[in-house]
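Encoded as structure tokens, the structure appears first; notes follow it.
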Amino acid sequence: MNLTPSSYLDSLGGYAFAEVDKAKEKIIAERGSDYLIDFGVGDPTDPTPAVAREEAAVHALRNPDEGYPSYEGEEFFRHAVAGWFKRRFDVELDPESEITATLGSKQSVFSLPMAFVDPGDVVLIPDPGYPPYTTGAKQRGGQPVYMPLKPENNFLPDLDAIDPKTADKASLLWLNSPNNPTTAVIPPDFYRQAIAFCRQHNILLCSDEAYSEMYYEAGPTPTSLFEIDGGRDVGLVIHSLSKRSNMTNYRVGFVAGKNELLQHFKEVQTNMHSGQAQILQAAAAAALTDEQHVQEMRQTYGQRREILLPYLQQAGFRDVYASAGFYVWARTPESTGSADLCKLLLEEAGVNTTPGAALAQQPENGSDFVRFALIQNQNRTEEAGKRLANLDLSEVS
Ligand SMILES: Cc1ncc(COP(=O)(O)O)c(C=O)c1O
């Protein structure tokens, strides 16, 4: 057979972390796996709370319900989401029509364009940003147009810089708060601006709120798009249990919004998969009713942040951003690009990080930054900090 893979695959580009993976393997072979301190991938390493894992998932497993699950999520799950949304944001969602379960938010981010984007449509995407905003748009033949996130704009997109003709061709605009990787939290005023912009140009505003529960006592508390007047008229909210409850392994999330918008996404879902396993929805619903583990999670990340930040400043990072979420976005010393710096941190200190350039579709939007995911415990974070501070990066050229 001489099969040619689709041109879509070409458009995806190579695997950005191949080089890093090789370098990691080398370090492990030379120094052992304990030596490597890995802040690379944003995947929580703390356990899923017992209330989800043991009480709910195990119970559901012992009481099986045969047959396919519901496409839009079991009633109990949608009610748990609505209850949480009301408690957290004081926003009422109708569990019958305004919530649909997803297989984690990556699935929804990737497939939302199937409902709203036609070939040639513009999709407005913050850059740096979560790669499926781009791959999902391209999969529909959409045209990604990037909105750079720069420190001088508090890492908010500059909507005034978007050519009105481009905006008129757009069908979808992504926002992500707290932002991966910049950690910025979108303030209510910016949401108001984005709502007006989307209304003016007839664009669906997709608000990725996967990190909304990860914030620090001293920092801003993230707002949902739906708390803002008009947000529900122009947008959908994308959410996930992955980060809030250490449930990346469970693959449960949801999309919420007015039925007149959500129904189109639901139509995609019914054609794409046959629902999320009830056992996993039971775990997610239980997690949503428990706030204690979320508060503990916030304290844990807060402590790691407190440990790491001073060391990064000592090491010579120019600016260090860690407003919310569980990342640190650190600006490299003047003369060093992010890829070279990450290589150096790995080779000289055994500390793995993600180069900002790999997180940006237009490398210049990330090449001055390195991302740390705060997934290492306090001792390992401290050890990494000491090793980094000893490097004195201000000397690196
Ligand atoms: C901004 C953002 N959105 C969504 C996701 C997807 O999370 P999940 O598919 O585990 O729900 C991630 C994962 O890292 C992310 O960074």
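The numbering used here puts the first residue of the sequence shown at 29, with every later residue one more than the last. Ideal placement from N, C-alpha and C gives every residue a C-beta, glycine not left out.
Heavy atom of ligand 1 within 7 Å of residue i beta-carbon
i       : result
Asp-236 : yes
Lys-54  : no
Asn-393 : no
Ser-268 : yes
Ser-273 : no
Ala-281 : Looking at the sequence shown, residue 281 is not Ala but Gly. At least one heavy atom of ligand 1 is nearer than 7 Å to the Cβ of Gly-281, so yes.
Asn-204 : yes
Thr-276 : yes
Val-322 : no
Gly-132 : yes
Val-379 : no
Asn-158 : Before going further, note that residue 158 is Tyr rather than Asn in the sequence given. Yes, ligand 1 has a heavy atom inside 7 Å of this Cβ.
Gly-70  : yes
Val-137 : yes
Asn-208 : yes
For residue i, the nearest candidate out of the options (CA to CA)
i       : options                            : result
Phe-397 : Thr-364, Asp-217, Ala-417          : Thr-364
Thr-17  : Leu-416, Val-296, Leu-31           : Here the chain covers residues 29 to 425 and nothing more, so residue 17 does not appear.
Asn-468 : Pro-192, Arg-333, Glu-245          : What is shown of the chain runs 29 to 425, which leaves residue 468 out entirely.
Tyr-36  : Arg-168, Phe-400, Leu-177, Asn-299 : Arg-168
Ser-61  : Asn-380, Asp-38, Gln-406, Glu-102  : Asn-380
Thr-73  : Ser-273, Leu-31, Ala-198           : Ser-273
Pro-147 : Ser-199, Phe-138, Ser-136, Ala-377 : Ser-199
Gln-404 : Ala-189, Phe-354, Phe-225, Gly-281 : Phe-354
Pro-383 : Leu-402, Ala-358, Glu-376          : Ala-358
Gly-281 : Asn-299, Thr-128, Pro-248, Asp-71  : Thr-128
Met-325 : Pro-179, Lys-271, Asp-49           : Lys-271
Asp-71  : Met-142, Tyr-239, Ala-80           : Tyr-239
Arg-123 : Ile-335, Glu-103, Pro-141          : In the sequence as displayed, the identity of residue 123 is Pro instead of Arg. The shortest C-alpha separation from Pro-123 is found at Glu-103.
Ser-125 : Tyr-99, Phe-144, Ser-136           : Tyr-99
Gly-41  : Gly-68, Phe-105, Glu-82, Lys-166   : Lys-166
Gln-228 : Gly-330, Val-173, Lys-197, Val-145 : Lys-197
Tyr-278 : Ile-307, Asp-118, Lys-178          : Ile-307
Glu-392 : Leu-177, Leu-337, Lys-286          : Leu-177
Glu-245 : Gly-394, Lys-50, Leu-31, Glu-334   : Glu-334
Proximity of residue i and residue j at Cβ, strictly below 8 Å
i       : j       : result
Ala-212 : Leu-184 : yes
Thr-162 : Gln-389 : yes
Leu-290 : Leu-232 : no
Ala-85  : Ala-313 : no
Pro-206 : Tyr-243 : yes
Arg-332 : Thr-409 : yes
Gly-157 : Asn-204 : yes
Phe-254 : Val-265 : yes
Pro-97  : Gly-303 : yes
Leu-201 : Leu-152 : yes
Pro-250 : Ala-110 : no
Glu-411 : Ile-65  : yes
Residue i (DSSP reduced to helix, strand or coil)
i       : result
Phe-400 : strand
Arg-359 : strand
Ala-305 : coil
Phe-282 : strand
Thr-130 : strand
Met-175 : strand
Thr-76  : coil
Ala-350 : coil
Asn-181 : helix
Ser-268 : strand
Asp-217 : helix
Asn-380 : strand
Ile-335 : helix
Ile-65  : strand
Ala-222 : helix
Val-145 : coil
Delimiting residues of the beta strand (DSSP E) encompassing residue i
i       : result
Val-262 : Premise fails: Val-262 lies in the alpha helix (DSSP H), 259 to 262, not in any beta strand (DSSP E).
Pro-154 : 150 to 155
Leu-201 : 198 to 204
Leu-232 : 232 to 236
Any chain C beta carbon closer than 8 Å to residue i
i       : result
His-292 : Checking the listed chains, one finds no chain C in this structure; it contains a single protein chain.
Continuous alpha helix (DSSP H) stretch holding residue i: start and end
i       : result
Asn-299 : 287 to 300
Leu-374 : 366 to 377
Asp-38  : 35 to 40
Leu-387 : From DSSP, Leu-387 is part of no alpha helix (DSSP H); its letter is neither H nor E.
Glu-241 : Glu-241 -> no alpha helix (DSSP H), and no H or E assigned at all.
Gly-413 : 406 to 419
Asp-49  : 46 to 59
Gln-103 : Checking the sequence, you will find Glu at residue 103 rather than Gln. Residues 103 to 117.
Gly-164 : 160 to 167
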